[in-house]
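Using this note's numbering, you'd call the opening residue of the sequence shown number 4 and step up by one each time.
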Amino acid sequence: MTETHRPRVKYVIGPDGSPLTIADLPPASTKRWVIRRKAEVVAAVRGGLLSLEEACSRYALTVDEFLSWQMSIDQHGLAGLRTTRLQQYRM
4 MTETHRPRVK YVIGPDGSPL TIADLPPAST KRWVIRRKAE VVAAVRGGLL SLEEACSRYA
64 LTVDEFLSWQ MSIDQHGLAG LRTTRLQQYR M
């Protein structure tokens, strides 16, 4: 069985509507995950700028952690990425 790879794109549209390139992504050493940074990584994976595996490796994330960010955006928009709101949204 062969894997099909999407061609790498040069940029995607970021959460604020502006173009987002690899150079614009948060540094690999990021420890403090504010809403904007989480949303940029999700947009990069969704748009094909990074694969899920590349994002998890680059940022030392688990797949579950990344998928929780993605689900929070889908269900509650960017506000769903607030760590102070997690309890409220998960109820």
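Glycine included, C-beta positions come from ideal geometry on N, C-alpha and C.
Practice task
Classify V15 as helix, strand or coil using the three-state DSSP reduction.
Solution key: In the three-state DSSP reduction, V15 falls in the strand class (E or B).
Handout entry: Contact under 8 Å by Cβ, P22 with E43
Key = Not closer than 8 Å, so no.
Practice task
Work out the CA separation of I76 and Q82 for me, nearest whole Å.
Solution key: A quick correction: the sequence has Ala, not Gln, at residue 82. Rounded to whole angstroms, the separation of the alpha carbons of I76 and A82 is 8 Å.
Problem - DSSP three-state assignment for L55, whether helix, strand or coil - result: When secondary structure is reduced to three states using DSSP, L55 falls in the helix class.
Problem - Proximal residues to T33 (C-beta, below 7 Å), its chain only, five neighbours per side dropped - result: These residues qualify, in order along the chain: R40, Y62.
Practice task
Measure the Cβ-Cβ separation of I38 and L84 and say whether it is below 8 Å.
Solution key: Yes, the pair counts as a contact, with Cβ atoms nearer than the cut-off.
Practice task
Tell me whether the beta-carbon of L55 lies closer than 8 Å to the beta-carbon of V66.
Solution key: Contact flag set, yes.
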